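Working notes, beginning with the structure itself.
Numbering (the numbering used here), first residue to last: 530 to 1051.
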């Protein structure tokens, strides 16, 4: 009888529910909500990282400088450090979904509401945003610039040698158009396609490493790193894992985002760490020389034409997948900033059919393509400084989100001994690493590193000052994240309203008996 009475009461509430109240929407409702599965999210993260390319470069440096088991241990330790960063990020992903990822998380960790006075929390948030934009654009330019010659080399193996300035320009534009088309076409299509591509590349590289053995070393001419071999390998590992958190940009588009995004953020660095340690072991034991030589030297290394072609195709696909992954993640960041109006509002436009931020995609890809031309002409010979700038930006973002997670958990009273140790350790280590990068850059005359660190440090202050003068209302909109909307509620569950403080409240429907109120009996 009690069940029947409760059912009758629920039916009555649904019938009496006020259906004419103004609906409340999520600020990120333009995106296709609830479409991505855990497999899609994993594909996004792995594509951005491009572990296949990281394995080859780690093997290259291991062969060249022979750090031995110390280098292997450095890679393993760095993977553990990145996992701790992932653990800090999941303190947010398990509680909210935001298209701005770390940028939005830093704001939530500040514990203050956005105000026109643009306090320290806003400045830290905008600093994290600037660091992420710089970091993801830098990764995109780096992998994009590798995809172009890799594709041309592959074409030269199976057909005419078309390498040259004109071919480089045409290939760059063609890749940019392909990336933009796939990214606009739909996130599910893109993530699944690139997961297949990256998985095939990884299988190819692992098989070649296991099946071949050579005691010869590569003849590739490499610049001397500014650091000694072990610290350099650690920093190379961090850079190779950049983007492991990119699935967090897709929280609003994921099914069960608080669970699926959290798991992906934790799993991605573990998978890549295992692959990188394997690549280092292969290089130490003579199993990495063949694939390194095949990619960098072609048949001149002694590898067969078939192996060279297979490696070139695998690496080219991996570079392309990483370029696409960066475009998808970076476009969500720009979209989130467009929603908040801290960047131009057109970036928030969404394709009516595909539900993707097409303007943000086109803008990100266009800037990346322009960066490739600049990189090829002026930066390629000093790639160490370029990579250092990108790493500086990423370490800054990771440090800020780690500290923000410490503040966030302390504010909501959910700290444990483990979370305190992890968040404070990562914050301290990140700050120390930034200081080390700046000092090392100054000592070795790599002035781009301290300049980049200074630029990122002041970016939040400068950005907030400009917004306060030009578009002060945008400071009240920072921190947008996906939230429940009227369409998500069952009939009769209540009415969703926004109070004077801008907070969402679920109140009983008008016409509901007081005894049947959702809050009755609490």
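All residues carry an ideal CB built from backbone N, CA and C; glycine is no exception. Every value quoted in this text rests on a predicted model; they were computed, and no experiment measured them.
Does the distance from the C-beta atom of residue i to that of residue j stay below 8 Å?
i            : j           : result
residue 917  : residue 960 : no
residue 561  : residue 869 : no
residue 805  : residue 592 : no
residue 778  : residue 862 : yes
residue 886  : residue 896 : no
residue 790  : residue 776 : yes
residue 854  : residue 577 : yes
residue 1007 : residue 871 : yes
residue 510  : residue 794 : Given that the chain is displayed from residue 530 to residue 1051, the structure contains no residue 510 and the question cannot be resolved.
residue 860  : residue 889 : yes
residue 1081 : residue 574 : The requested residue 1081 is not part of the displayed model; the chain covers only 530 to 1051.
residue 951  : residue 621 : no
residue 989  : residue 659 : yes
residue 985  : residue 922 : yes
residue 958  : residue 610 : yes
Using 10 angstroms around the beta-carbon of residue i, count the other beta-carbons present and answer buried if the total reaches 16, otherwise exposed.
i            : result
residue 595  : exposed
residue 742  : exposed
residue 739  : exposed
residue 691  : exposed
residue 930  : buried
residue 646  : In this prediction, residue 646 scores a pLDDT of 48, lower than 50, which makes its location untrustworthy; no coordinate-derived value is stated.
residue 718  : exposed
residue 644  : Confidence at residue 644 is low in this model, with a pLDDT of 48, below 50, so its placement is unreliable and the value that follows should be read with caution. Looking at its Cβ environment, which holds fewer than 16 other Cβ atoms inside 10 Å, residue 644 is exposed.
residue 710  : exposed
residue 603  : buried
residue 786  : buried
residue 770  : buried
residue 701  : buried
residue 894  : buried
residue 1040 : With a pLDDT of 49 at residue 1040, under the threshold of 50, the predicted position of this residue should be treated as unreliable, though the coordinate-derived value follows. Exposed is the call here.
residue 899  : exposed
residue 597  : exposed
residue 665  : buried
Rounded C-beta distance between residue i and residue j? I'm assuming under 8 Å.
i            : j           : result
residue 832  : residue 635 : About 47 Å separates the two Cβ atoms, so there is no contact after all.
residue 708  : residue 852 : 6 Å
residue 844  : residue 730 : 7 Å
residue 1004 : residue 651 : 6 Å
residue 601  : residue 809 : 5 Å
residue 768  : residue 920 : 5 Å
residue 697  : residue 677 : 6 Å
residue 858  : residue 772 : 7 Å
residue 925  : residue 583 : The pair is not a contact, with the Cβ atoms about 21 Å apart (cut-off 8 Å).
residue 585  : residue 824 : 6 Å
residue 734  : residue 820 : 6 Å
From what residue to what residue does the alpha helix (DSSP H) around residue i run?
i           : result
residue 627 : No alpha helix (DSSP H) contains residue 627, which DSSP labels as neither H nor E.
residue 994 : 977-999
residue 773 : Per DSSP, residue 773 belongs to no alpha helix (DSSP H) and is neither H nor E.
residue 583 : 580-594
residue 807 : 786-813
residue 861 : 834-869
residue 899 : 887-903
residue 721 : 716-740
residue 883 : Residue 883 -> no alpha helix (DSSP H), and no H or E assigned at all.
Report the residue from the options whose alpha carbon sits nearest the alpha carbon of residue i.
i           : options                : result
residue 875 : 601, 812, 892 and 924  : 892
residue 841 : 687, 571, 779 and 1011 : 687
residue 571 : 871, 726 and 988       : 726
residue 732 : 969, 791 and 579       : 579
residue 632 : 611, 619, 656 and 610  : 656
residue 904 : 672, 818, 558 and 614  : 672
residue 864 : 622, 627, 906 and 621  : 627
residue 763 : 606, 979 and 955       : 606
residue 613 : 565, 715, 670 and 799  : 799
residue 670 : 610, 963 and 704       : 704
residue 563 : 807, 581 and 788       : 788
Less than 8 Å between CB atoms is the rule here; does residue i satisfy it with respect to chain B?
i           : result
residue 798 : No chain B appears in this structure, which consists of one protein chain only.
Under the criterion of a Cβ to heavy atom distance below 7 Å, does residue i qualify as lining the ligand GDP?
i           : result
residue 718 : Because no ligand of any kind appears in the structure shown, any question about the ligand GDP cannot be addressed here.
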